[in-house]
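Protein chains: 2
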Amino acid sequence: MRETGISSEAVYSGALLVVRRDRVRLPDGRESVREYIRHPGASAVVPIHGNGDVVLLRQFRYPAGKVFIEVPAGKRDPGESPETTAIRELLEEAGVRAGKVVQIGHFYPGIGYSDEVIHIFAGTDLEETPSATDEDEFVRPFRVPFEEAVRMVHAGEIDDAKTAICLLRVWEWWTRRLR
Amino acid sequence: MRETGISSEAVYSGALLVVRRDRVRLPDGRESVREYIRHPGASAVVPIHGNGDVVLLRQFRYPAGKVFIEVPAGKRDPGESPETTAIRELLEEAGVRAGKVVQIGHFYPGIGYSDEVIHIFAGTDLEETPSATDEDEFVRPFRVPFEEAVRMVHAGEIDDAKTAICLLRVWEWWTRRLR
Numbered sequence: 434m435r436e437t438g439i440s441s442e443a444v445y446s447g448a449l450l451v452v453r454r455d456r457v458r459l460p461d462g463r464e465s466v467r468e469y470i471r472h473p474g475a476s477a478v479v480p481i482h483g484n485g486d487v488v489l490l491r492q493f494r495y496p497a498g499k500v501f502i503e504v505p506a507g508k509r510d511p512g513e514s515p516e517t518t519a520i521r522e523l524l525e526e527a528g529v530r531a532g533k534v535v536q537i538g539h540f541y542p543g544i545g546y547s548d549e550v551i552h553i554f555a556g557t558d559l560e561e562t563p564s565a566t567d568e569d570e571f572v573r574p575f576r577v578p579f580e581e582a583v584r585m586v587h588a589g590e591i592d593d594a595k596t597a598i599c600l601l602r603v604w605e606w607w608t609r610r611l612r
Numbered sequence: 434m435r436e437t438g439i440s441s442e443a444v445y446s447g448a449l450l451v452v453r454r455d456r457v458r459l460p461d462g463r464e465s466v467r468e469y470i471r472h473p474g475a476s477a478v479v480p481i482h483g484n485g486d487v488v489l490l491r492q493f494r495y496p497a498g499k500v501f502i503e504v505p506a507g508k509r510d511p512g513e514s515p516e517t518t519a520i521r522e523l524l525e526e527a528g529v530r531a532g533k534v535v536q537i538g539h540f541y542p543g544i545g546y547s548d549e550v551i552h553i554f555a556g557t558d559l560e561e562t563p564s565a566t567d568e569d570e571f572v573r574p575f576r577v578p579f580e581e582a583v584r585m586v587h588a589g590e591i592d593d594a595k596t597a598i599c600l601l602r603v604w605e606w607w608t609r610r611l612r
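These protein sequences, in sequence, are chains A and B.
So the first sequence is residues 434 to 612, counted in this note's numbering.
So the second sequence is residues 434 to 612, counted in this note's numbering.
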């Protein structure tokens with residue numbers, strides 16, 4: 434079933450995206466071409482307050498041209514562990530410091546044209562930092578009961594893939610702990 | 434919160450990927466650059482047999498270099514409705530004809546660098562076609578109880594984002610009907 438690389442070429446290197454184009458050998462012996470984005474990987478966190486609220490963000494995303502509801506998430510910096518990325522993004526985007534982060538799993542957002550993997554975390558023992566109260570023009574954090582966030586996924590009000598998966602998988606982990 | 438486009442340029446047009454690079458005006462008045470992939474959109478289907486089995490596929494994906502478990506899915510051809518794409522992919526990839534397809538929702542797999550939207554369908558009243566029994570070297574369909582597929586998502590054995598979301602959202606719709 435495997436495809437094996439014959440040659441590989443960086444066909445576009447931009448500020449954000451690196452596109453590669455590889456010649457590959459298919460399982461039946463023929464040759465084909467694969468184009469894909471190289472990505473350093475990312476972490477995404479569901480921050481859970483003691484009262485059961487989660488912290489989500491409203492953020493405008495240019496490619497689709499609309500505001501999405503998202504969990505805090507971001508790309509790994511060079512040499513950074515997925516856990517460190519999760520803690521950093523939580524602080525930068527949601528303005529909360531997590532006493533504890535637990536890795537729940539991982540997923541691949543776009544297997545057809547990217548090698549990106551996103552690590553899923555739950556963040557607990559939260560402490561709000563002063564920046565949490567700064568509304569900025571780019572990322573707006575808000576609190577919502579976890580159960581309501583899950584309802585929003587099933588109702589299609591939350592339609593960002595990483596946020597949907599993180600909420601549903603962390604919810605399953607969270608409610609299993611309480612049973 | 435919005436960003437508005439100032440200018441837009443296709444910086445890479447390959448066999449599969451089209452990358453655009455836009456200059457944008459940020460909400461605070463500064464300028465920045467956004468790079469992203471233009472995508473025609475896609476449909477993904479959870480095919481559900483009368484006995485409660487779903488049909489999934491094993492498929493090797495070159496960018497991440499591994500075999501993934503997936504729901505049947507594919508890009509929209511020009512002029513095709515999401516429903517037609519769903520029915521076509523079901524036949525081509527899983528070898529089943531669906532008497533009925535129902536749209537359950539949609540999601541955006543990669544809002545940071547793509548405008549792709551994936552429409553989620555449930556396919557029922559399935560009829561296996563002769564091609565369903567052909568094992569090919571690229572896509573291998575198999576049947577598994579729906580509940581077991583959901584367990585595999587939460588266990589991380591299914592780690593393709595579109596498949597995880599489709600299974601969890603269609604499962605919620607499916608079990609709600611039976612309650």
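Don't be surprised by glycine CBs; every beta carbon is placed ideally from N, CA and C.
Quick caveat: nothing in here was measured; it's all calculated off a predicted structure.
Item, Value
"Below-7 Å beta-carbon distance, P480/A vs any chain B residue", "no"
"Alpha carbon of W607/A to alpha carbon of M585/A, nearest angstrom", "17 Å"
"Under 7 Å between C-beta atoms of A615/B and A506/B", "Because chain B spans 434 through 612 in this model, residue 615/B falls outside it and cannot be assessed."
"Identity of the residue in I591/A, F579/A and E549/A nearest D420/B by Cα", "Any question about residue 420/B goes unanswered here, given that chain B covers just 434 to 612."
"Where L489/B meets chain A, residues with beta-carbon distance less than 9 Å", "Within chain A, no residue comes near L489/B; the closest Cβ sits about 14 Å away, beyond 9 Å."
"Close Cβ partners of Y445/B (< 8 Å) along its chain, the five nearest in sequence each way excluded", "V451 and V452"
"Counterpart residues of G507/B in DSSP-defined beta bridges", "S476/B"
"Beta-carbon contacts of H482/B that lie in its chain and below 6 Å, excluding the five residues immediately before and after", "L559"
"Interface flag, V583/B vs chain A, CB-CB below 7 Å", "no"
"Reference G538/B, options V603/B, E561/B and P574/B, closest by Cα", "V603/B"
"Endpoints, the alpha helix (DSSP H) within which P515/B is located", "P515 to E522"
"Interface positions of the stretch 571-596 of chain A facing chain B (Cβ-Cβ less than 8 Å), listed along the chain", "F571, R573, V586, H587, G589, D592, D593, A594 and K595"
"Beta-carbon proximity of R458/B to R573/B, cut-off 7 Å", "no"
"Spatial distance of E541/A from R612/B (CA atoms)", "Reading off the sequence shown, one finds Tyr at residue 541/A, where the question assumed Glu. In a straight line, the C-alpha of Y541/A is about 32 Å away from that of R612/B."
"Inter-residue CB distance, A519/A and G556/A (contact presumed, cutoff 8 Å)", "7 Å"
"Residue range of the unbroken alpha helix (DSSP H) whose run includes R435/A", "Run containing R435/A: none; DSSP gives neither H nor E here."
"Neighbouring residues, chain B, relative to E436/A (Cβ below 8 Å)", "F493 and Y495"
"Within-7 Å CB hit, F540/B to chain A", "yes"
"Min CB distance E525/A to chain B below 7 Å", "no"
"Contacting residues, own chain, Cβ-Cβ under 6 Å from G438/A (five flanking each side not counted)", "D455 and V457"
"Residues of its chain near E522/A, where Cβ-Cβ distance is below 7 Å and the 5 sequence neighbours each way are ignored", "S476, V478, P505, A506 and G507"
"Burial state of M434/B (16 or more Cβ within 10 Å)", "exposed"
"Chain-ordered neighbours of T612/B on chain A, where CB pairs are closer than 9 Å", "At residue 612/B the sequence reads Arg, which differs from the Thr that was named. Going along chain A, no residue has its Cβ under 9 Å from R612/B, so there is no contact; the nearest lies around 14 Å."
"Residues that E605/B contacts on chain A, provided the C-beta gap is smaller than 8 Å", "H587"
"Between the CA atoms of A527/A and R471/B - distance to the nearest angstrom", "29 Å"
"Selection of the stretch 463-478 of chain B by Cβ proximity to chain A, strictly under 8 Å", "V466, R467, E468, Y469 and I470"
"Residue-chain proximity (A448/B, chain A), Cβ-Cβ < 7 Å", "yes"
"Inter-residue Cα distance where the pair is R530/A and E442/B", "40 Å"
"Where the beta strand (DSSP E) containing V534/A begins and where it ends", "V529 to F540"
"Every unbroken alpha helix (DSSP H) inside the stretch 537-604 of chain A [4 residues or more]", "579-587"
"Residues of its chain near L601/B, where Cβ-Cβ distance is below 8 Å and the 5 sequence neighbours each way are ignored", "V583 and V586"
"Own chain, CB closer than 6 Å to T566/B, minus 5 neighbours either side, in chain order", "The pLDDT assigned to T566/B is 43, lower than 50, so where the model puts this residue is not dependable; a value taken from the coordinates is nonetheless given after this. So the list is empty, once near-sequence residues are dropped."
"Residues that V452/A contacts on chain B, provided the C-beta gap is smaller than 8 Å", "Y445, G447, L450 and V452"
"As assigned by DSSP and simplified to three states, the class of R610/B", "helix"
"C-beta contact flag for E561/A and V534/A at 7 Å", "no"
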